[in-house]
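Chains S and X are the protein sequences, given in the same order.
Sequence positions in the first sequence follow the numbering used here and run 841 to 1172.
Sequence positions in the second sequence follow the numbering used here and run 640 to 787.
Built from N, CA and C at the ideal position, the CB exists for glycine as well.
Predicted, not measured: the structure shown is a model, and the values here were computed from it.
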Amino acid sequence: MNIDFTHRQSAHCESGVTANLFLHHGIEMSEAMAFGIGAGLFFGYLPFVRINGLPLVTFRSAPGAIFKRVAKRLGVEVVRQKFRDPDKSMDALDLALQQQIPVGLQTGVFWLPYFPPALRFHFNAHNLVVCGREGGDYRISDPVIDEKVLCPREDLLRARFAKGALAPKGAMYYLKDVPAQIDLRPAIKAGIREVSRRMVKAPVSIIGVRGMRYLAGQLERWPQKLGPKRAGQYLGHLIRMQEEIGTGGGGFRFVYAAFLQEAANLLQQPRLAELSGELTDIGDHWREFALFAARRCKGRGEEETSYPRLASILRDCADREEKLFRALLGEV
Amino acid sequence: MKHEDVPQDKAILGQWHEICYALDPDGCYVLAPSAGWDPSNVANLQAWEVIVEEVAWAIEAVRVGEASPLAFHMARCQMDAGLLSSYTQLARWRVKRHLRPEVYRRLKPELRERYARVFGVAAEKLDCIPAKPEFPVVLDVDEEGRNL
């Protein structure tokens, strides 16, 4: 039993799942559009939250938020369930598939057999779509993988009930009652407003552009505070959060620039296209940061990869993003 | 990022690709598959080095009799006692006790079975510990021909 579901590979799992599910229900939507309407862009540096002993840095909003916001802003009803009993969760999945409904799942990546082994860490906020069942295997459209894959029931069950931080508890979701016609424009504006406010008007100093400056200040002190080896691990962790599979490059800045480009066309506001160009440049600057930081990790380069130099790149990004998001607030 | 600059540094994704957003010659965004990028490969391998160190340490501890084989499997599965206790649904202090070799030797078959299921090995294979850590990643990517 397979549902005729179009698999489009995307940069980020949640925006990819959202866009693909909407497309299945007849609403043409790109991943970048889902990411923008869902206000996916973020920056936060939360050193008191530790992941494997490393400080939490994030370039995206909380898991689940993108899908929730897109559905809400477009007035679509969503069914979302969590489970205590693994068998019941699989029964519910089978039932939905029998009704030809593609189902979004939150899973851990550690137990997914098709996932690249080098990326199998205990990360529990992955999203994928189940779009069929073939005997004991499920047909999966995982948006960060090139094509649809098969996953044995046993492994999928483990992934759905992965433990630890952000444990999915079998969470599944699907769309219900999708209107035939949807006007994206108000939702686009609402999405831009939310992200811009968060980036420049957050009331705490660890979020948005202030968070970037805070990180820059901390980063300068890492070598003295932690010693070269541990400081290198902190840097490596930053690079992974910014560049590892699922960001589209430059800590989601390129995905958001693509969204602004699309928004400029839909809203007939050429200024948004200009700002998209500026964000692309900022994204390139983030890439430069990752490149130099990686050289630092490898102990290469002297001047251009020193910690103060890396911090100054971050401050540059913060200054430019502050201008950009203030300009965006003026546009919508 | 321009389309022709999308990196193709194969190292950790195997047969798969990741999507990069890049500009085509007309300045329009397109989705471009990338085989990987060296800076993020370096960061990934660095994360594995930490795991490999922990596994090597656990293997040694099991060998000299300071820890039970569970310590090795725990490190191999990137777990700590807290996460292992969530997976086995045993209290954390019990998991910690089972990490001691003398307690582990007297472990009931049901409990051995429970641990084996979590670690994805057969119960009778729990005590098979390799001589050194094995990992899915090559740890030295940028020896030759890489311009990081």
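Asked                                                                                                                                                                                      : Found
List the residues of chain X that VAL984(S) touches, going by C-beta distances under 9 angstroms, in chain order.                                                                          : TRP655, GLU657 and ILE658
Does any C-beta atom of chain S lie closer than 8 angstroms to the C-beta of GLN647(X)?                                                                                                    : no
What is the C-beta distance between GLY675(X) and ASP648(X), in whole angstroms, given that I count them as a contact (C-beta under 8 angstroms)?                                          : 5 angstroms
Kindly indicate which three-state DSSP category THR1145(S) falls into: helix, strand or coil?                                                                                              : coil
Assuming contact is defined by CB atoms lying nearer than 8 angstroms, are LEU1106(S) and LEU1169(S) in contact in what I supplied?                                                        : no
Terminal residues of the continuous alpha helix (DSSP H) containing ILE768(X)?                                                                                                             : Note, ILE768(X): premise wrong, no alpha helix (DSSP H); not H, not E.
Around the C-beta of GLY866(S), are 16 or more other C-beta atoms found within 10 angstroms, so that it is buried, or is it exposed?                                                       : exposed
Can you tell me whether GLN717(X) is helix, strand or coil according to DSSP?                                                                                                              : coil
Taking 8 angstroms as the cut-off, decide whether the C-beta atoms of SER1045(S) and ASN860(S) are in contact.                                                                             : no
Verify the CB distance criterion: does ASP677(X) have a CB-CB separation below 8 angstroms to chain S?                                                                                     : yes
Look up GLU782(X) in the DSSP assignment and say whether it is helix, strand or coil.                                                                                                      : The predicted position of GLU782(X) is uncertain, since its pLDDT is 45 and thus under 50; no value can be drawn from it.
Counting only beta-carbon atoms, is ALA682(X) nearer than 8 angstroms to chain C?                                                                                                          : Protein chains S and X are contained in the structure displayed, whereas chain C is not.
Just to make sure I have the definition right: I need the residues of chain S whose C-beta is within less than 7 angstroms of the C-beta of ALA686(X). Which are they?                     : GLY1076 and ARG1080
Name the chain S residues that come within less than 7 angstroms of SER725(X), Cβ to Cβ?                                                                                                   : LYS1003 and GLY1004
What whole-angstrom Cβ distance do TYR1014(S) and GLY944(S) have, given they're in contact under 8 angstroms?                                                                              : 6 angstroms
If LEU933(S) sits next to ALA999(S), beta carbons under 8 angstroms apart, how far is it from one beta carbon to the other, in whole angstroms?                                            : With a Cβ gap of about 12 angstroms, LEU933(S) and ALA999(S) do not count as contacting.
Could you tell me the boundaries of the alpha helix (DSSP H) in which GLN1064(S) lies?                                                                                                     : 1048-1083
Taking all protein chains shown into account, decide if ASN892(S) is buried (16 or more other Cβ within 10 angstroms of its Cβ) or exposed.                                                : exposed
Measuring CB atoms only, is the stretch 668-684 of chain X touching the stretch 1087-1103 of chain S, in the sense that at least three cross pairs come out at less than 8 angstroms?      : yes
Going by other Cβ atoms of all chains shown within 10 Å of its Cβ, with 16 needed for buried, is ASN786(X) buried or exposed?                                                              : Residue placement at ASN786(X) is poorly supported in this model, since its pLDDT is 48, which falls under 50; the coordinates still yield a value, given next. ASN786(X) should be labelled exposed.
Compare the beta carbon distance of VAL1049(S) and VAL1040(S) with 8 angstroms and say whether it is the shorter of the two.                                                               : yes
Across the stretch 903-923 of chain S and the stretch 955-962 of chain S, are there enough close Cβ pairs to call them in contact, namely three or more that are closer than 8 angstroms?  : no
My guess is that ALA1151(S) and GLU1083(S) are in contact by the Cβ rule of under 8 angstroms, so how many angstroms apart are they, rounded?                                              : No, ALA1151(S) and GLU1083(S) are not in contact; Cβ-Cβ is about 18 angstroms, not under 8 angstroms.
Mark PRO956(S) as exposed unless 16 or more other C-beta atoms lie within 10 angstroms of its C-beta, in which case mark it buried.                                                        : buried
Tell me whether ASP808(S) is buried or exposed, calling it buried when 16 or more other Cβ atoms sit within 10 Å of its Cβ.                                                                : Residue 808(S) lies beyond the residue range present for chain S, which begins at 841 and ends at 1172; the question has no answer from this structure.
Should the stretch 1111-1119 of chain S be regarded as contacting the stretch 893-900 of chain S, the criterion being three or more beta carbon pairs within less than 8 angstroms?        : no
Which of the three DSSP states, helix, strand or coil, is assigned to ASN892(S)?                                                                                                           : coil
For VAL1095(S), which residues in chain X fall below 8 angstroms Cβ to Cβ?                                                                                                                 : TYR660
With 9 angstroms as the limit, tell me which residues of the stretch 1115-1142 of chain S have their beta carbon closer than that to any beta carbon of chain X; keep them in chain order. : SER1116, GLY1117, THR1120, GLY1123, ASP1124, ARG1127, ALA1130, LEU1131, PHE1132, ALA1133, ALA1134, ARG1135, CYS1137, LYS1138 and ARG1140
Counting along the chain, where does the beta strand (DSSP E) carrying GLY944(S) start and finish?                                                                                         : 943-947
How big is the Cα-Cα spacing for TRP732(X) and HIS712(X)?                                                                                                                                  : 18 angstroms
What in chain X is Cβ-close to HIS962(S), meaning under 8 angstroms?                                                                                                                       : GLN717, MET718 and LEU722
Should CYS781(S) be labelled buried (16 or more other beta-carbon atoms within 10 Å of its own) or exposed?                                                                                : In this structure chain S extends from 841 to 1172, so residue 781(S) is not present and cannot be described.
With a cut-off of 8 angstroms, does the C-beta of PRO956(S) fall near any C-beta of chain X?                                                                                               : yes
Measuring CB to CB, does VAL918(S) end up less than 8 angstroms from LYS1016(S)?                                                                                                           : yes
Quick one: what does DSSP say SER901(S) is sitting in, helix, strand or coil?                                                                                                              : coil
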